[in-house]
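When you read off a place in the sequence shown, starting at 1, and then add 1, the result is the number in my numbering.
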Amino acid sequence: SFETAKNELGLDHNETRSWHGWHRHVSLVMLAFALLAAIRHRTNALPCSKKQTQPLVPVQS
Numbered sequence: 002s003f004e005t006a007k008n009e010l011g012l013d014h015n016e017t018r019s020w021h022g023w024h025r026h027v028s029l030v031m032l033a034f035a036l037l038a039a040i041r042h043r044t045n046a047l048p049c050s051k052k053q054t055q056p057l058v059p060v061q062s
């Protein structure tokens with residue numbers, strides 16, 4: 002949610018002077034928010050015994 006992105010990731014902590022700087026800041030915050038949401042979802046979905054053995058991102062060869 003917006004509150005989570007604002008409080009945990011600093012969505013409202015930008016002092017940019019241009020649209021490009023603001024866009025970069027917001028894009029990185031939203032990327033971090035999506036990554037954290039995926040990590041939280043995956044962590045909560047795994048059984049307790051597999052939380053430490055499963056890699057977060059599968060390695061493709």
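Where a beta carbon is used, it is the ideal one built from N, C-alpha and C, also for glycine.
Residue i, buried or exposed, once every other Cβ within 10 Å from all chains shown has been counted against 16
{"i": "valine 58", "result": "exposed"}
Other residues of its chain near residue i: CB distance less than 7 Å, five sequence neighbours each side excluded
{"i": "asparagine 15", "result": "Trp23, His26"}
{"i": "threonine 17", "result": "Trp23, His26"}
Integer-rounded CB distance, given that residue j should sit under 8 Å from residue i
{"i": "valine 30", "j": "alanine 46", "result": "Between alanine 46 and valine 30 the Cβ distance is about 24 Å, and since that is not below 8 Å, they are no contact."}
Pair within 8 Å by beta-carbon distance, residue i and residue j
{"i": "leucine 10", "j": "alanine 39", "result": "no"}
Proximal residues to residue i (C-beta, below 6 Å), its chain only, five neighbours per side dropped
{"i": "leucine 12", "result": "Ala6, Val30"}
Closer than 8 Å to chain C by CB, residue i
{"i": "leucine 29", "result": "Considering every chain present, this structure includes no chain C. It has just one protein chain."}
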